[in-house]
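Here the structure comes first, spelled out in structure tokens, and everything after it is commentary.
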Amino acid sequence: MTEQRDYRDTVFLPKTDFPMKAGLPQKEPGILARWQEQDLYGKVREARKGREKFILHDGPPYANGDMHIGHALNHILKDMVVRTQTLLGRDAPYVPGWDCHGLPIEGKIEEQYRARGLDKDQVPVN
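Going from the sequence shown to this note's numbering is simple: count from 1 and add 4.
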């Protein structure tokens, strides 16, 4: 049998002070707080004031059935387009749409409640 050889001293990998794990769930709240404290988005909006406009008309979120990964992809792609236009120097605010389908959605929920023998007015709103 051949002897096991330790190659760690012969492989010259780059050295870094970065941790092996990013720990994003712990770091993200601090990053977000710093951005809010600096009013980063407000500064970007102010710097782009008066520039060529880029407006993305975003529809209401989750208007069609249950939420799924396609909804996330849809909003991620729109966000990327708007951020790219901002980086290109355009005045590109991103204002997500709102639910303009309230009554049809409310009607569907009432149908489901009636089918189960529930009264929508008796359901607590938290």
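Even for Gly, the Cβ is constructed at its ideal location relative to N, Cα and C. All figures in this text were calculated on a predicted structure; none of them were measured in a lab.
Of the listed residues the options, nearest to residue i (C-alpha basis)
i	options	result
residue 61	117, 101, 124	101
residue 63	112, 78, 49, 72	78
residue 2	82, 74, 92	Beyond the ends of the chain as shown, which are 5 and 130, falls residue 2; an answer cannot be given.
residue 92	48, 71, 106, 76	48
Min CB distance residue i to chain C below 7 Å
i	result
residue 115	Included in the structure is just one protein chain, with no chain C present.
In DSSP terms, what residue i is bridged to
i	result
residue 57	95
Exposure label - residue i; buried when at least 16 CB within 10 Å
i	result
residue 96	buried
residue 90	buried
residue 86	buried
Residue i CB to nearest heavy atom of the ligand ATP below 6 Å
i	result
residue 39	This structure lacks the ligand ATP, and indeed carries no ligand of any kind.
At which residue ranges does the segment 73-123 contain complete alpha helix (DSSP H) runs of 4 or more residues, listed in the order of the chain?
-> 73-91, 106-119
Alpha helix (DSSP H) runs contained entirely in the segment 11-39, provided each spans 4 or more residues = Here no run is fully enclosed.
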